[in-house]
Amino acid sequence: MSDLREIVGDDLEPGELERLERVHALLERAGPPPELSPAMAVAPEPPTARIVPFPRRYRYTAFAAAAVAALALFGLGYVVGGGGGPDPLQTVAMSGPGPASAQLDLFEKDAAGNWPMELRVSGLPAGTYELWLTRDGKLAEPCGSFAVADGETRVPLNAPYKLRSFDGWVVVPSGNREPVLTT
Amino acid sequence: MSAESRTDAELLELIAGGDRNAFEELHRRYARSVLGIALRRLGDRGRAEDVTQDTFASVWRSASRYDPERGQAASWLYTVARNAIVDGLRRRPPPTVANPPDVAAGDPGPAEEAETEWVSWRVHRAVESLPDHERSLVELAYWSGLSQSEIAEYVGLPLGTVKTRTRAALRRLADELEGELR
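Residue numbers (the numbering used here), protein chains in the order written: chain F, 1 to 183; chain S, 1001 to 1182.
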């Protein structure tokens, strides 16, 4: 074991000497951390979501069950809601550089923290788009993708996030990070 | 505020929101520490590097689960790293040795090994948090095998300055490692 006084000098007060001796012992005990190889010195690419397909034999059963559940929920909602939809808590207007515009209706958050939404968009060229939440002007969290044909498109979406930690919404073409609609 | 000046807990909060810069900063701070415990447990550089990558992938996916009220970010990251190591061991157990070597009676037991591992984790992280000009002197003083005179010559500073800066670094480490010093 090396001598602390050889490393930092010998003019230490007794209290400080004792404290630094303990750090000295920890450093000796820990030993050196390994050096990183060049490949390890950079952070890995953040993983993307993994899609786990249903086994083929269960696929049709799963589709049928989902369809039955959706119908049952729709029926229940229709009865409970008296046939009309809930009123949005907030409506966010979105616009783009061209004639395209959108209106995003935000409904009451569920117990799990999901914010149901309905996006009504018009004037965008036909294609596939994504709705994103932004923070400091950058895309932060995705809220789903949707396809647009001619005329107005209405699509239900969901934001499972704490909305207070974001500062806006944008629509981008799928695979592109340049917004075509912003709040 | 830049990612470099954020605390570990703040970085985790930003990572939970998908902040790539925060992720890179956390990787800069902890990659060597994670690789260190992975190497210690697995004894194989390639597997340890795989586990280190897995650890940061887990951090990216589960940062939102970190709750500052339940403990320090360093402890949470240590747990994530240990879980990744256990997963790595499950996927590829170490080869079975037909005639295992005799274990010396003085070898550390599992509890002592875990204690040493945690101390190394905290010490390496604390050293990583020092200002660059102090960190390099501590690393040279403790882990290069050079004397202080040789270090002074190597870095081109007077011997007294090297000792003063190393002392300042040790004081900073003492503050940072308060819990381990008791």
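Beta carbons: idealized from backbone N, C-alpha and C, even for Gly.
Query raised in the report: Listing by chain order, which chain F residues have their CB less than 7 angstroms from the CB of glycine 1036(S)?
Result: Pro33 and Pro34
Requested in this report: Starting from the C-beta of glutamate 1214(S), find all residues in its chain whose C-beta is less than 8 angstroms away, skip the five residues before and the five after it, and write them out in chain order.
Outcome: The structure shown does not extend to residue 1214(S), since chain S is modelled only from 1001 to 1182, so the question has no answer here.
Requested in this report: Output the distance between the C-alpha atoms of alanine 1084(S) and alanine 100(F), rounded to the nearest integer angstrom.
Outcome: 47 angstroms
Report task. Closer than 7 angstroms, Cβ to Cβ, to anything on chain F: give me those residues from the segment 1047 to 1060 of chain S, in chain order. Result -> Glu1049, Thr1052, Gln1053, Phe1056, Ala1057 and Trp1060
Requested in this report: Go ahead and label threonine 1079(S) buried or exposed: buried means 16 or more other beta carbons lie within 10 angstroms of its beta carbon, across all protein chains shown.
Outcome: exposed
Query raised in the report: Based on the DSSP output, what are the partners of alanine 147(F) in its beta bridges?
Result: Thr128(F)
Query - Span of the alpha helix (DSSP H) around tryptophan 116(F) - result: Before going on, a small fix: residue 116(F) reads as proline here, not tryptophan. Proline 116(F) -> not in any alpha helix (DSSP H); beta strand (DSSP E) instead, spanning 115 to 122.
Query raised in the report: Are any of the Cβ atoms in chain S nearer than 8 angstroms to that of valine 68(F)?
Result: no
Requested in this report: Could you spell out where the alpha helix (DSSP H) holding proline 36(F) opens and where it closes?
Outcome: Per the sequence shown, residue 36(F) should be read as leucine rather than proline. It is not in any alpha helix (DSSP H) - leucine 36(F) carries neither H nor E in the DSSP assignment.
Requested in this report: Locate the alpha helix (DSSP H) running through leucine 1177(S), then write down its first and last residues.
Outcome: First-last for leucine 1177(S): undefined, no H or E at that position.
**Report entry** Where the segment 1134 to 1152 of chain S meets chain F: residues whose CB sits under 8 angstroms from a CB there
**Finding:** Val1138, Glu1139, Ala1141, Tyr1142, Trp1143, Ser1147 and Gln1148
Query raised in the report: Looking at C-beta atoms only, is the number of pairs between the segment 1037 to 1054 of chain S and the segment 170 to 178 of chain F that lie closer than 8 angstroms three or more?
Result: no
Query raised in the report: If we count the other Cβ atoms within 10 Å of its Cβ and call it buried at 16 or more, is proline 1100(S) buried or exposed?
Result: Reliability fails at proline 1100(S), whose pLDDT of 47 lies under 50, so the model's placement of it is uncertain and the value that follows must be treated cautiously. Its Cβ having fewer than 16 others within 10 Å, proline 1100(S) is exposed.
Requested in this report: Measuring only between beta-carbons, confirm whether serine 1002(S) sits less than 8 angstroms from chain F.
Outcome: no
Query raised in the report: Cα separation between arginine 5(F) and leucine 1077(S)?
Result: 35 angstroms
Report task. Please determine, among Thr1161(S), Ser1075(S) and Arg1165(S), the residue with the shortest C-alpha to C-alpha distance to alanine 1009(S). Result -> Ser1075(S)
Report task. Kindly indicate which residue of Cys143(F), Pro47(F), Thr61(F) and Glu35(F) has the alpha-carbon position closest to the one of glutamate 996(S). Result -> The first residue shown for chain S is 1001 and the last is 1182, placing residue 996(S) beyond what the model contains.
Query raised in the report: Whose C-alpha, out of Asp110(F), Gly98(F) and Glu118(F), is nearest the C-alpha of valine 92(F)?
Result: Glu118(F)
Query raised in the report: Hey, valine 1090(S) and glutamate 1134(S): beta-carbon distance below 8 angstroms or not?
Result: The residue you asked about is not valine; residue 1090(S) is arginine in the sequence shown. No, these two residues do not count as a Cβ contact at 8 angstroms.
Query - Under 7 angstroms by beta carbon: chain S residues contacting glycine 9(F) - result: Lys1163 and Arg1167
Query raised in the report: Exposed or buried, proline 14(F), counting other C-beta atoms within 10 Å across all chains shown (16 or more means buried)?
Result: exposed
Query raised in the report: Hey, is leucine 1039(S)'s beta-carbon within less than 8 angstroms of any beta-carbon in chain F?
Result: yes
Report task. Flag alanine 43(F) as yes if its beta-carbon sits less than 8 angstroms from any beta-carbon of chain S, otherwise no. Result -> yes
Report task. Consult DSSP for glycine 1160(S) and reduce its assignment to one of helix, strand or coil. Result -> helix
Query raised in the report: With a cut-off of 8 angstroms, does the C-beta of glycine 1071(S) fall near any C-beta of chain F?
Result: no
Report task. Tell me, please, whether the CB atom of arginine 1029(S) is closer than 8 angstroms to any CB atom in chain F? Result -> no
Query raised in the report: Per DSSP, which one or two residues make a beta bridge with alanine 93(F)?
Result: Gln103(F)
Report task. Pull up the DSSP beta-bridge partners for proline 173(F), would you. Result -> Tyr129(F)
Query raised in the report: Whose Cβ in chain S lies nearer than 9 angstroms to the Cβ of methionine 94(F)?
Result: Residues of chain S passing the Cβ test: none, with the nearest at roughly 21 angstroms.
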